[in-house]
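Take a look at the structure set out below.
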């Protein structure tokens with residue numbers, strides 16, 4: 001069975017510049033990124049000029065670009081990458097945090113994060129029944145005995161969630177309790193996260209099919225006093241849970257596993273603990289909500305699904321914390337923006 | 001922090017092995033399995049004698065023993081099929097069962113070190129499962145792993161693990177059509193992960209390398225009617241796995257899959273397999289939606305109660321596909337009756353599987 005080839009010019013690499021000097025980041029990624037078009041989005045809070053090495057096919061977006069498009073959506077900190085998602089004209093996006101570099105295998109060869117993400121997105125996902133040999137479309141694997149034949153075609157994969165060696169994406173209390181722990185385990189698998197299973201979708205190393213799921217990856221849940229460390233954010237976790245709901249409803253797949261990036265040590269978990277970890281408190285409230293969400297049959301595209309979820313968030317979670325009400329408003333505004341940008345310059349080759 | 005030793009559980013765990021051939025394979029497992037009591041279930045011709053390597057403590061049951069012990073209820077135990085192994089689960093008096101096929105050898109990890117499969121199973125089964133929310137770094141209770149950012153704290157204690165499903169290097173557990181198309185494919189990918197299968201998700205459970213907590217889920221581990229006189233084969237472990245998963249989901253128990261790997265040495269004949277599986281391949285298209293939609297009542301709080309309810313649903317909903325399911329439904333009830341007879345509840349004991 002042949003699956004569509006994804007061409008280099010169908011992919012945008014989006015990088016949120018939270019720190020000003022991107023030289024070492026870009027040089028580390030050059031062998032892998034050089035073939036692709038890059039969208040670099042500068043954190044609006046960052047005062048210093050960005051330092052970006054030469055030789056990349058890229059577009060840079062800054063505060064003035066974001067202000068021109070919307071003044072109500074908060075594109076600060078890690079959320080600035082959503083602006084990159086918004087203005088991209090490509091079908092697929094790969095996004096990597098600026099404190100990550102390519103991971104290496106035992107022989108020192110770089111793992112090609114982009115190629116693996118593209119492979120994950122290209123090959124079908126299998127959310128309706130778990131395959132114990134993981135992704136059956138990987139070379140050397142297949143569906144196991146007992147896997148129903150009618151489910152072997154799979155569905156389109158909308159999101160590919162990668163992982164991290166060295167500094168794993170733990171929350172601050174977990175990392176603070178184990179300050180020396182680093183993720184040294186390379187798990188050579190990618191698998192489809194089953195239908196209805198909730199998951200924490202980390203934005204550190206992620207790729208998606210912008211055409212089918214773009215509107216569901218949005219900057220919604222902004223914590224007060226949100227900082228420039230991943231420990232201090234839940235924006236990706238929040239939209240990730242919404243995006244998984246949307247995928248489940250629309251019959252799209254979400255994969256998790258390879259590729260890995262190497263995440264550099266940064267920040268101090270214990271320092272972060274001093275800030276109130278509101279994000280984790282909020283997560284406790286949302287689980288029963290997400291378990292109960294049912295989207296109507298009439299919602300057949302991601303935009304409609306996001307609007308439905310936003311309405312439910314406003315109604316059910318708004319009373320729990322005003323941040324949820326703000327998130328719901330942001331989701332509605334995001335869909336409006338998305339439609340406006342799409343109609344102004346539709347994505348080619350749809 | 002020093003890593004604690006994994007307990008041997010040698011007085012709490014039985015190893016159940018079905019065989020028609022011989023048990024020479026135990027020789028290579030000796031360093032890992034000798035401390036344990038074995039329950040050998042001899043399939044096929046009961047007059048044949050099975051040679052067991054010296055130094056192993058075991059009990060052996062052949063068809064005559066099964067008939068003698070169960071009387072008329074022996075009809076629920078398959079004949080001429082490794083499904084008969086579930087008789088071993090029933091007669092065991094231990095808390096945990098490890099079952100392994102006699103063509104499964106010790107595997108090596110990528111560093112070349114031999115894998116003590118039972119030790120890994122024990123680690124899996126003694127640590128909680130996390131079926132309500134997927135952890136992207138897999139089993140958070142393994143050394144060197146943890147829950148990732150965004151994982152709700154209220155769900156981090158997890159639930160008791162009822163099943164540890166291991167995998168296989170070398171000959172993969174493919175169905176007959178896939179074996180025919182890819183006769184030379186070998187599983188060479190060592191995936192260093194254990195993960196909980198989320199609630200509400202079914203999976204194909206393979207009985208080659210499996211451990212379970214008999215007290216939590218034993219009565220649901222019925223391997224169905226296969227082999228001699230039956231219209232299908234090679235669906236025994238599948239059937240058990242679907243029943244087990246529905247019941248585990250209902251009772252709030254966890255099922256893990258992944259490590260440990262064993263080395264599966266023998267490729268079965270795909271033409272023979274096709275004959276056995278043929279009907280199953282069609283039937284599973286109805287069986288899967290049945291299990292996906294199956295719900296159990298709030299009154300079903302023990303495994304036995306859940307299983308009896310499930311058997312009624314099998315009769316009602318699958319009976320129309322083929323009379324086989326009528327017979328299977330009755331056999332499921334017989335199995336529970338036999339289980340309860342051989343395993344009467346101890347006086348002060350709570351019903352097993354009750355969780356809330």
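Residue numbers (full-length UniProt numbering), protein chains in the order written: chain A, 1 to 350; chain B, 1 to 356. Built from N, CA and C at the ideal position, the CB exists for glycine as well.
Taking CB distances under 9 Å as the criterion, tell me whether residue i reaches chain E.
| i | result |
| --- | --- |
| residue 116/A | Annotation note: the requested chain E is absent from the structure, which comprises protein chains A and B. |
Are any of the Cβ atoms in chain B nearer than 9 Å to that of residue i?
| i | result |
| --- | --- |
| residue 256/A | yes |
| residue 181/A | yes |
| residue 150/A | yes |
| residue 349/A | Legend: pLDDT at residue 349/A = 44, less than 50; position of this residue unreliable, value from coordinates given subsequently. Chain B, which has no Cβ nearer than 9 Å to the Cβ of residue 349/A, makes this no. |
| residue 44/A | no |
| residue 185/A | yes |
| residue 231/A | yes |
| residue 82/A | no |
| residue 85/A | no |
| residue 144/A | yes |
Per the DSSP calculation, residue i is bridged to which residue(s)?
| i | result |
| --- | --- |
| residue 165/A | 262/A |
| residue 59/B | 39/B |
| residue 187/B | 170/B |
| residue 207/A | 94/A, 160/A |
| residue 343/B | Answer is none; residue 343/B lacks a bridge partner. |
| residue 17/A | 42/A |
Comparing the C-beta of residue i with each C-beta of chain A, is any distance below 9 Å?
| i | result |
| --- | --- |
| residue 319/B | no |
| residue 121/B | no |
| residue 28/B | no |
| residue 356/B | Bear in mind that a pLDDT of 42 at residue 356/B, under 50, signals an unreliable position, so the number given afterwards is only what the model happens to contain. Not one chain A Cβ lies under 9 Å of residue 356/B. |
| residue 78/B | no |
| residue 155/B | yes |
| residue 98/B | no |
| residue 270/B | no |
| residue 148/B | yes |
| residue 185/B | yes |
| residue 85/B | no |
| residue 225/B | no |
| residue 264/B | no |
| residue 237/B | yes |
| residue 346/B | no |
| residue 104/B | no |
Under a Cβ-count criterion, where at least 16 other Cβ atoms within 10 Å of its own Cβ denotes burial, should residue i be classed as buried or exposed?
| i | result |
| --- | --- |
| residue 226/B | buried |
| residue 234/B | buried |
| residue 272/B | exposed |
| residue 175/A | buried |
| residue 188/B | exposed |
| residue 298/B | exposed |
| residue 139/B | buried |
| residue 258/B | buried |
| residue 320/B | exposed |
| residue 350/A | Bear in mind that the predicted position of residue 350/A carries a pLDDT of just 41, short of 50, making it unreliable; the figure below should be weighed with that in mind. Classification of residue 350/A: exposed, given that the 10 Å Cβ count is below 16. |
| residue 47/B | exposed |
| residue 301/A | exposed |
| residue 362/B | What the structure shows of chain B is the stretch from 1 to 356, and residue 362/B is not part of that stretch, so it cannot be assessed. |
| residue 343/B | buried |
| residue 232/A | buried |
Measuring alpha carbon to alpha carbon, tell me which of the options ends up nearest residue i.
| i | options | result |
| --- | --- | --- |
| residue 94/A | 252/A, 138/A, 296/A, 208/A | 208/A |
| residue 115/A | 171/A, 332/A, 34/A | 34/A |
| residue 266/A | 223/A, 180/A, 57/A | 180/A |
| residue 14/B | 318/B, 91/B, 285/B, 50/B | 91/B |
| residue 83/B | 142/B, 20/B, 58/B, 159/B | 20/B |
| residue 178/A | 15/A, 135/A, 187/A, 166/A | 166/A |
| residue 236/A | 264/B, 176/B, 151/B | 151/B |
| residue 71/A | 77/A, 78/A, 63/A | 63/A |
| residue 25/A | 292/A, 264/A, 279/A | 264/A |
According to DSSP, is residue i helix, strand or coil?
| i | result |
| --- | --- |
| residue 130/B | coil |
| residue 337/A | helix |
| residue 33/A | helix |
| residue 217/B | helix |
| residue 96/B | strand |
| residue 101/A | strand |
| residue 277/A | coil |
| residue 14/B | strand |
| residue 183/A | strand |
| residue 108/B | strand |
| residue 114/B | strand |
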